[in-house]
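If you read the sequences in order, they're chains S and L.
Each residue of the first sequence is one higher than the last, beginning at -5 in the numbering used here.
Each residue of the second sequence is one higher than the last, beginning at -5 in the numbering used here.
Everything below concerns the one structure shown next.
Protein chains: 2
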Amino acid sequence: MALTVRKNKSPAPQCPIGECMAFLRGAWTPAIIWNLSGGARRFGELRSDIGKISAKVLTHRLRELEDMGVVRRDVKPTSPPSVEYSLSDLGKELMPAIAAIVSVGHRLKKRSARRLAA
Amino acid sequence: MALTVRKNKSPAPQCPIGECMAFLRGAWTPAIIWNLSGGARRFGELRSDIGKISAKVLTHRLRELEDMGVVRRDVKPTSPPSVEYSLSDLGKELMPAIAAIVSVGHRLKKRSARRLAA
DNA sequence: CAGCATCCCACGGGATACTG
DNA sequence: CAGTATCCCGTGGGATGCTG
Chain S
-5 MALTVRKNKS PAPQCPIGEC MAFLRGAWTP AIIWNLSGGA RRFGELRSDI GKISAKVLTH
55 RLRELEDMGV VRRDVKPTSP PSVEYSLSDL GKELMPAIAA IVSVGHRLKK RSARRLAA
Chain L
-5 MALTVRKNKS PAPQCPIGEC MAFLRGAWTP AIIWNLSGGA RRFGELRSDI GKISAKVLTH
55 RLRELEDMGV VRRDVKPTSP PSVEYSLSDL GKELMPAIAA IVSVGHRLKK RSARRLAA
């Protein structure tokens, strides 16, 4: 105990939160990744599944995620253009975090519902 | 298969991401919660532990988290004022999500380090 | 269908200075 | 020590309209 450690409280032993949060920036990003976890989906599907996201934002976020190597973008040269988005390997690495967020969300939802009932 | 289900892809079976993300809003919030997970900490400790967060933002986020019932604020009426922040039970419920984020962050960091070495 | 362009606003966050 | 008060800016995001 030669160090000038005032307390034995664990001072958050290295927390590279930024390393992960960099990929989750934006209010919709987690939802996007989550909706892609079930497999490749097209732009419109994604849009309606997520709910109220605007096309602009969805495009923006998807491009960003693509640039970061989180999602893959596959264009099928069909007559009405069709684009499929899917998670890359890197994207799949983010799933535990997203899944945990979703799980917590579920628990929180149930809890608040119970409080309202009481 | 009477439904007009085009594909058997799982369309993200309910994702109350918002329920959880509402508590993680802001770039610093996860870091704040993470740094409180080791036990109660004072304002200054928190500030320097997190790193580069400004006092204004830290105050703002802490107040917000307090209002939402995520953190508790205990004022010790000592001569130099001393305030301790700690996680409430609700705040502790968020830990799995934060921990997952941190864990993913670690893996991502290692991975990128390895890529740089190659 | 899958976007891009444009406008416009709100909020998060940094910097700096000041206080009980 | 633990904030508060301003000022300022960048970006996220919504709405609407147009295109290949």
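Note that CB positions come from ideal geometry on N, CA and C, so glycine has one too.
Predicted, not measured: the structure shown is a model, and the values here were computed from it.
Contacts of residue i in chain L (Cβ-Cβ under 7 angstroms)
i: S/M114; result: No information on residue 114 of chain S is available, as it lies outside the stretch -5 to 112 that chain S covers here.
Listed by chain order, chain S residues near residue i by CB distance under 9 angstroms
i: L/V65; result: Within 9 angstroms Cβ-Cβ: nothing; L/V65 doesn't reach chain S, min ~15 angstroms.
Start-to-end residues for the beta strand (DSSP E) that takes in residue i
i: L/L81; result: S76 to L81
i: L/K70; result: V65 to K70
Closer than 8 angstroms at the beta carbon, the chain S residues around residue i
i: L/S76; result: Those within 8 angstroms of L/S76 in chain S number zero; the least Cβ separation is about 13 angstroms.
i: L/P90; result: A94, S97 and V98
Contacting residues, own chain, Cβ-Cβ under 6 angstroms from residue i (five flanking each side not counted)
i: L/R66; result: S80 and S82
i: L/F37; result: V77
i: L/G85; result: V64 and V65
i: S/P71; result: none
i: L/T53; result: none
i: L/L18; result: P24
Residue i: first and last residue of the uninterrupted alpha helix (DSSP H) it sits in
i: S/M46; result: For the record, residue 46 of chain S in the displayed sequence is Lys; it is not Met. Where S/K46 is concerned, there is no enclosing alpha helix (DSSP H), given that its DSSP letter is neither H nor E.
i: S/A107; result: M89 to A111
i: L/A25; result: T23 to L30
i: L/L12; result: Per the sequence presented here, residue 12 of chain L reads as Gly, with Leu not at that position. Element bounds for L/G12: I11 to M15.
Listed by chain order, chain L residues near residue i by CB distance under 9 angstroms
i: S/E87; result: V98, R101, L102 and R105
i: S/A21; result: G12, M15 and R19
7 angstroms CB neighbourhood of residue i in its chain, flanking five on each side removed
i: S/D61; result: none
i: L/R89; result: One point to set straight first is that residue 89 of chain L is Met, not Arg, in the sequence displayed. Excluding sequence neighbours, L/M89 sits near S31.
i: S/R0; result: Legend: pLDDT at S/R0 = 45, less than 50; position of this residue unreliable, value from coordinates given subsequently. Once the five neighbours on either side are set aside, S/R0 has no close Cβ partner at all.
i: S/W28; result: I92 and V96
i: L/M(-5); result: Its pLDDT being 38, under 50, L/M(-5) is placed unreliably in this model, and the coordinates cannot settle the point.
Neighbour list for residue i in chain S, Cβ cutoff strictly below 7 angstroms
i: L/P24; result: I11 and M15
Interface partners of residue i on chain L, CB under 8 angstroms
i: S/A49; result: The premise fails here: S/A49 is roughly 19 angstroms from chain L at the closest Cβ pair, so nothing lies under 8 angstroms.
Own chain residues within Cβ distance below 8 angstroms of residue i, not counting five before or after
i: S/L30; result: L40, V65, Y79, S80, L81 and G85
i: L/P75; result: V69
i: L/T(-2); result: Low per-residue confidence applies at L/T(-2): pLDDT is 36, beneath 50, and the placement is therefore not dependable, though the value from the model is reported in the following sentence. So the list is empty, once near-sequence residues are dropped.
i: L/C14; result: L88 and A91
Discussion item. Closer than 8 angstroms is the cut-off here; do at least three beta carbon pairs connect the region 91 to 103 of chain L with the region 76 to 94 of chain S?
Written reply: yes
Fill in: Segment contact flag, the region 37 to 51 of chain S with the region 16 to 28 of chain S, C-beta cutoff 8 angstroms, min 3 pairs
yes
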